[in-house]
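Here the sequence shown is numbered in the working numbering, starting from 1 and rising by one per residue.
Where a beta carbon is used, it is the ideal one built from N, C-alpha and C, also for glycine.
Please read these numbers as outputs of a predicted model, since none were measured by experiment.
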Amino acid sequence: MLKGKKAKGKKVALAPAVVKKKAKKVVNPLFEKRLKNFGIGQVVQPKRDLTCFVKWPHYIQLQQQRAILYKQLKVPPAINQFTQALDPQTATHLLKLTHKYSPETKQETKQRLLPQEEKKTASKLPTKRPPVLRAGVNTVTTLLVEAIRTNYNDRYDEIHHQRGGNVLGPKSVALITKLEKAKAKELATKLG
């Protein structure tokens with residue numbers, strides 16, 4: 001004996017307000033749409049990144065694994081604070097400044113002193129050294145020191161409590177994005 005069958009009725013068309021109108025794409029007649037067939041002997045396959053299929057030498061495998069571990073392992077804040085170096089702009093400014101005021105080499109001092117030595121023998125005049133970066137010189141470095149203080153010294157507590165590493169791998173990232181898309185799609189269908 002068959003259990004109670006439900007009578008199948010015709011589906012009623014949705015009200016015009018509920019039905020969404022699809023915007024038609026403007027198609028240019030000058031461009032023909034040619035489908036690509038990537039089968040054997042057909043269209044050439046697109047270029048792909050095949051580095052994961054390469055048999056790398058052992059030392060390179062170790063380098064790659066080490067780099068991944070450094071990214072993915074959790075780093076305690078006390079060690080992680082040293083990863084935050086100067087930002088490139090301040091670093092270049094500092095390096096230019098120190099290079100400009102670097103101490104003279106022996107050849108430079110010789111070149112500077114030779115003509116002065118000849119003049120000195122003729123008339124006794126005191127010689128001046130060129131400005132050089134030394135300990136305790138504040139006038140040139142104040143702006144640089146302020147920038148470093150605001151970026152690092154003043155943010156010490158914040159930097160000192162930040163964990164490092166813990167970056168997800170590409171597979172984990174792909175899985176999370178897939179789940180988020182599914183959730184977004186489900187929400188969109190619920191809202192209508």
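Quiz item: alpha helix (DSSP H) containing Q111: first to last residue?
Solution: Here residue 111 corresponds to residue number 111 of the sequence shown, with the count starting at 1. From DSSP, the alpha helix (DSSP H) with Q111 extends over K106 to A122.
Quiz prompt | Entirely enclosed alpha helix (DSSP H) segments - the segment 29 to 54, minimum 4 residues | solution = none
Quiz prompt | Cα-Cα separation between K120 and N153, rounded to whole angstroms | solution = Mapped onto the sequence shown, residue 120 falls at position 120. Mapped onto the sequence shown, residue 153 falls at position 153. Their backbone Cα atoms lie some 49 Å apart in a straight line.
Practice problem: Provide the residue(s) that pair with V75 in DSSP beta bridges, ordered along the chain. | Solution: Position 75 of the sequence shown holds residue 75. G164, per the DSSP bridge assignment.
Quiz item: Shortest alpha-carbon distance to C52 belongs to which of N166, I60 and Q162?
Solution: Here residue 52 refers to the residue found at position 52 when the sequence shown is read from its first residue. Checking every option, the nearest Cα to that of C52 belongs to I60.
Self-check item: Touching by the beta-carbon criterion (3+ pairs, under 8 Å), the segment 163 to 179 and the segment 97 to 116
Solution: no
Exercise. Consult DSSP for L198 and reduce its assignment to one of helix, strand or coil.
Key: Since the first residue shown for the chain is 1 and the last is 192, residue 198 is missing from the structure and cannot be characterised.
Quiz prompt | 8 Å CB neighbourhood of Q72 in its chain, flanking five on each side removed | solution = Translated into positions along the sequence shown, residue 72 becomes position 72. These residues qualify, in order along the chain: G165, N166, V167, L168 and G169.
Quiz item: Among residues of its own chain, excluding the 5 on either side of Q162, which ones have a beta-carbon nearer than 7 Å to its beta-carbon?
Solution: Counting from 1 along the sequence shown, the entry for residue 162 is found at position 162. Hits under 7 Å: P77 and N80.
Quiz item: Anyone know if the C-beta pair for I159 and L86 falls short of 9 Å?
Solution: If you number the sequence shown from 1, residue 159 lands on position 159. If you number the sequence shown from 1, residue 86 lands on position 86. Contact: no.
Quiz prompt | Separation of Q84 from R155, as counted between CA atoms | solution = Residue 155 sits at position 155 when you count from the first residue of the sequence shown. Residue 84 sits at position 84 when you count from the first residue of the sequence shown. Approximately 11 Å, taken between the alpha carbons.
Quiz prompt | Proximity of R112 and E118 at Cβ, strictly below 9 Å | solution = Residue mapping note: residue 112 aligns to position 112 of the sequence shown, counting from 1. Residue mapping note: residue 118 aligns to position 118 of the sequence shown, counting from 1. For R112 and E118, no; Cβs fall outside 9 Å.
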